[in-house]
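Everything below concerns the one structure shown next.
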Amino acid sequence: VYTCGICEEICNNFDAVRTHPCIESYEDVVVDNNNYFYPRCSNGEIVRRSDVNGAEAIVVDSAPLSTTIHQLHKPAQSLQSTNVDEILITEVHSRELLWNQHISIAKRDRRTIEKLWEEVSKATNGNRQCKQML
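Residue numbers (our numbering): 45 to 178.
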């Protein structure tokens, strides 16, 4: 039995893990000692749910030391979208105003947020348009 480290859904076997929607655009999955599984980015970091300043958020983090890495053997088209998704996650994570609702609304005005999303769009080479993300 495996548990998704993002949505907490339980998978009865590893075949169910391979087709789980939270990892569908990733090439690898990491399984820890408690049988929690996480999508693994190409840089070795994992995507997981975490408590950030009292609120749950999806974060990119280094993988725990005692984990097993499984390759999922995804088709090439899926791998290309994985790279864009990883860039998107990293770019949004580096712009705290986009995801931290505890920051004053005065600092998160619409013009500032639109500018930050435009930066994210440029970082993904236009694969994610600003209007899609607002």
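Just so it is clear, CB atoms sit at the ideal spot from N, CA and C, and this is done for glycine as well.
* To do: Would you check whether the ligand NAD has a heavy atom nearer than 7 Å to the C-beta of residue 99?
  => This structure lacks the ligand NAD, and indeed carries no ligand of any kind.
* Sorted by chain position, which residues of the same chain lie with C-beta nearer than 8 Å to residue 139's C-beta, five sequence neighbours on each side aside? -> 160, 163 and 164
* Under three-state DSSP, which class holds residue 155? -> helix
* Asked: By DSSP, does residue 167 sit in helix, in strand, or in coil?
  -> Secondary structure of residue 167 (DSSP, three-state): helix.
* Indicate the three-state DSSP secondary structure (helix, strand or coil) for residue 134 in the structure shown. => It is helical.
* Within 8 Å, strictly: CB atoms of residue 156 and residue 141 -> In this structure, the beta-carbon distance from residue 156 to residue 141 falls below 8 Å.
* **Residues of its chain near residue 151, where Cβ-Cβ distance is below 8 Å and the 5 sequence neighbours each way are ignored** => 141
* What runs of the alpha helix (DSSP H), each 4 residues or longer, lie entirely inside the stretch 53-93? -> 58-62
* **Assigned exposure category for residue 91 - 16 Cβ within 10 Å defines buried** => buried
* To do: Could you check if residue 67 is buried or exposed, using at least 16 other CB atoms within 10 Å of its CB as the buried criterion?
  => buried
* For residue 89, which residues of its own chain have a beta-carbon under 8 Å away from its beta-carbon, when the five flanking residues on both sides are left out? -> 104, 105, 106 and 107
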